[in-house]
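The numbering of the sequence shown is UniProt numbering, which starts it at 1 and goes up by one. Please read the structure below before turning to the comments.
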Amino acid sequence: MARKLPVDLVTRLLEDGLGPRAIVDHLREHVGIEVSPQAISTFRKRHTDVPAQHSTRRVIPWDVRPEHRSNGYRRAILAFHRRAQGRTLTGEERRNLDHVERTLRESGQVITYQQDEGWTLVPARPGIDTGIIREPEAAMTEQAVHGTPLHPTTPQHLGGAAAAAAGVAAGAGAAQASGSGEGTRLDPWFGAYAQRAHGMRASEIRALFSVANRPEVVSLAGGMPFIQGLPLDVIGEAMQRLITTKGATALQYGSGQGDVELRERILEVCALEGITDAHPDDVVVTTGSQQALDLVTRIFVDPGDVILAEAPSYVGALGVFRSYEAQVEHVPMDAFGLIPEALERALLDARTAGKRVKFLYTIPNYHNPAGVTLTLERRHQVLEVCQRFGVLIVEDNPYGLLGFDREPLPAMRAFDDEGVLYLGSFSKTFAPGYRVGWVIAPHAVREKLVLASESSILSPSNASQMAITTYLDTCDWKGQIKSYRELYRERRDAMIGALSEHLPSATWNVPDGGFYVWVRLPEGLDARSMLPRAVTERVAYVPGTAFFYDGQGSDHMRLSFCYPTPERIREGVRRLASVVNAEADLVQLFGTRAELDDDPRDAEHPAPNLA
1 MARKLPVDLV
11 TRLLEDGLGP
21 RAIVDHLREH
31 VGIEVSPQAI
41 STFRKRHTDV
51 PAQHSTRRVI
61 PWDVRPEHRS
71 NGYRRAILAF
81 HRRAQGRTLT
91 GEERRNLDHV
101 ERTLRESGQV
111 ITYQQDEGWT
121 LVPARPGIDT
131 GIIREPEAAM
141 TEQAVHGTPL
151 HPTTPQHLGG
161 AAAAAAGVAA
171 GAGAAQASGS
181 GEGTRLDPWF
191 GAYAQRAHGM
201 RASEIRALFS
211 VANRPEVVSL
221 AGGMPFIQGL
231 PLDVIGEAMQ
241 RLITTKGATA
251 LQYGSGQGDV
261 ELRERILEVC
271 ALEGITDAHP
281 DDVVVTTGSQ
291 QALDLVTRIF
301 VDPGDVILAE
311 APSYVGALGV
321 FRSYEAQVEH
331 VPMDAFGLIP
341 EALERALLDA
351 RTAGKRVKFL
361 YTIPNYHNPA
371 GVTLTLERRH
381 QVLEVCQRFG
391 VLIVEDNPYG
401 LLGFDREPLP
411 AMRAFDDEGV
421 LYLGSFSKTF
431 APGYRVGWVI
441 APHAVREKLV
451 LASESSILSP
461 SNASQMAITT
471 YLDTCDWKGQ
481 IKSYRELYRE
491 RRDAMIGALS
501 EHLPSATWNV
511 PDGGFYVWVR
521 LPEGLDARSM
531 LPRAVTERVA
541 YVPGTAFFYD
551 GQGSDHMRLS
561 FCYPTPERIR
571 EGVRRLASVV
581 NAEADLVQLF
591 GTRAELDDDP
601 RDAEHPAPNL
611 A
């Protein structure tokens, strides 16, 4: 058992001005115990009033608690404005600003303030974001700039001069909140944005991309298919012939509903999952299934309407629902998928409360992120419950053909052609770069979807649609899916084996298809607060909080096995285990997790254990 921290000695060393690393060295040399700098920092924040010894050597470019990242960002912002005003910077200010600018330039990001997240980084918009700062996505009041209080235990003030240097007038926040349309120095149109725009924020997965894509980082985060597994030379020749022989059509505008030949081929794909009664006229081609989600939500949901979704649920869907100001309520799952009895209770509760439930959003096959599959018996039960309550089902099925050990289960749309909207995609079974998905919908709904799509994009890409059709006509796409199933099964096995070897203290499900393993951490650990340390150790994952509308899931993480090789997966899990074990040491030291997580979005109940 680890020795307890000598709190009196550490407190005295902190009060003497020693930083965490110096204290670690002192304890090792004079007391003979090993602790991490993070343990010292945690002790300082939770048990002393000693201010932090802030480092200017790095800015953490990923999602951590606002109070842990704000000082470096605020210092850089103030230095940026002082330099713009022609003022001379101190050596420390100049070094910090130079480092921040270099880091952001390399990662393609800018600093912004988001009401729910505090100071954070978002992808830069080429040609638009030319500095290091983007106007905040929430009212940039003097309180927000000062950080009083970004977190109730860490009030920090920069002073009135700091607010002035950041270009924020004392009354700007009130003016923006009142809807006057006034902007700020950083964004003159800030006050003109629609209310729903202020609720938009980058997903935790997107925020990870700039870091996770670095070659030295083993990314277990993104759900990217292994494109190198495709016969790229054969596909390249087919695409060249397409442009040579049909380029005039491929590069022209097309139908708002989508190319009829592709819609016919889509039904051939769907027949593998039991959908045999649909007509090409029932199909609407979309720019990936993400646009399909957007269109469905757009035509059905008003602000305040309720959408039911599994707990956990796909982060991209939650972002769409949030952008249309829907209220998402989660329905529990277990190892067999969505629980029908819980769905019925949720619908009864909504009816009692006078809420309008517009649809149930579900991923029945190899769920993202949970990895579980809804059993055939439960599919019928879920259909019966929704039919009884008159609630539409939106069935999102990108992984249905990627089962490892069995043929696909029938889609719910195979049993109900009026009460189910079926969303599909070629992104997981072929290539996400073409951005081709689809919706199968009843006639009246189809008309609304086409109108909504035409008003947004006029038509899906003809070139992409014809490329998909060419692939389906000229390549052994069924054989390719079989090859993918074998490849992903091998990588799943590598991940499960590595978890068993290196992380026996955690629990997880063993998916029989798809891309993901849903891992529950040992008690007391927080996946979100642990992420910065993980990236420092050159491994990335997605915290479970990304997959809940209400902030649950901090004790879970999603690990993706689809893209890294088995060797990289094993190395990534080994690195991850070192991070988890170090965090567990902090729990042992303090009797609680390393960093408090008092985010008001967090729910009382933990995410379900689907292992």
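Glycine included, C-beta positions come from ideal geometry on N, C-alpha and C. Remember, it's a predicted structure, so these values are computed and weren't measured experimentally.
Between Phe359 and Val394, the gap from beta carbon to beta carbon is short of 7 Å.
Exposure of Val510 is indicated by the presence of fewer than 16 other C-beta atoms within 10 angstroms of its C-beta. For Val50 against Val35, the beta-carbon gap comes to about 17 Å, at or over 8 Å, which does not count as contact. Within the segment 368 to 429, complete alpha helix (DSSP H) segments of at least 4 residues are found at 376 to 389, given in chain order.
Per the DSSP secondary-structure output, Gly437 pairs in a beta bridge with Thr286 and Ser425. Out of Asp277, Arg574 and Gly108, the CA that lies nearest to the CA of Ile440 is found in Asp277.
Burial check for Gln228: the Cβ neighbour count within 10 Å stays below 16, so the residue is exposed.
Our two residues, Glu264 and Leu451, have alpha carbons roughly 21 Å apart in a direct line.
In this chain, Met224 is not harboured by any alpha helix (DSSP H), its DSSP state being neither H nor E.
Annotation for Ala309: the continuous beta strand (DSSP E) segment containing it runs Val306 to Ala311.
Between the alpha carbons of Thr90 and Ile132 lies a distance of about 19 Å. No Cβ-Cβ contact shorter than 7 Å links Tyr422 with Arg435. A contact between stretches requires three or more CB pairs, one per stretch, nearer than 8 Å, and the segment 288 to 301 fails this requirement with the segment 341 to 353.
With fewer than 16 other beta carbons inside 10 angstroms of its own, Gly32 counts as exposed.
Shown here, Gln252 sits in coil according to DSSP, grouped into three states, outside any helix or strand.
Annotation for Ala584: Ser505, Pro522, Gly524 and Leu525 place their beta carbon closer than 8 Å to its own, counting only its chain and skipping 5 residues before and after. In the DSSP annotation of this structure, Thr362 is not part of any alpha helix (DSSP H); the continuous beta strand (DSSP E) holding it starts and ends at Val357 to Thr362.
When secondary structure is reduced to three states using DSSP, Leu13 falls in the helix class. His99 has its alpha-carbon roughly 12 Å from the corresponding atom of Ala79. Under a 10 Å Cβ-count criterion, Pro369 is classified as buried, with 16 or more other Cβ atoms of the shown protein chains found around its own Cβ. Excluding residues up to 5 positions away in sequence, Leu487, Cys562 and Tyr563 lie with their Cβ nearer than 7 Å to the Cβ of Phe226 in the same chain. Here Val519 is near Leu559, since their CB atoms are less than 7 Å apart. For Asp334, there is no enclosing alpha helix (DSSP H); the enclosing beta strand (DSSP E) has its first and last residue at Gln327 to Asp334. Judged by DSSP in its simplified three-state form, Met200 adopts coil rather than helix or strand.
DSSP, reduced to helix, strand and coil, places Tyr366 outside both helices and strands of the structure shown, so it counts as coil. By the 16-neighbour rule on beta-carbons within 10 angstroms, Gly479 is exposed. According to the DSSP secondary-structure assignment, Ile133 is paired through a beta bridge with Ile111.
In the DSSP annotation of this structure, Ser505 is not part of any beta strand (DSSP E), being labelled neither H nor E.
Rounded to whole angstroms, the separation of the alpha carbons of Ser456 and Leu251 is 19 Å.
Per the DSSP secondary-structure output, Met557 pairs in a beta bridge with Val519 and Pro543. Distance between Tyr484 and Cys475, taken at the CA atoms: about 14 Å.
For Val320, the enclosing alpha helix (DSSP H) covers residues Val315 to Ser323. Straight through space, the alpha carbons of Gly258 and Val285 are spaced by roughly 5 Å. Just measuring C-alpha positions, the residue of His198, Glu325, Lys448 and His330 sitting nearest Gly553 is His330.
If you check the CB distance, Pro410 and Leu401 do not come in under 7 Å.
Spatial neighbours of Phe300 in its own chain (CB-CB distance under 8 Å, excluding positions within 5 residues in sequence) are listed in chain order as Lys358, Phe359 and Leu392.
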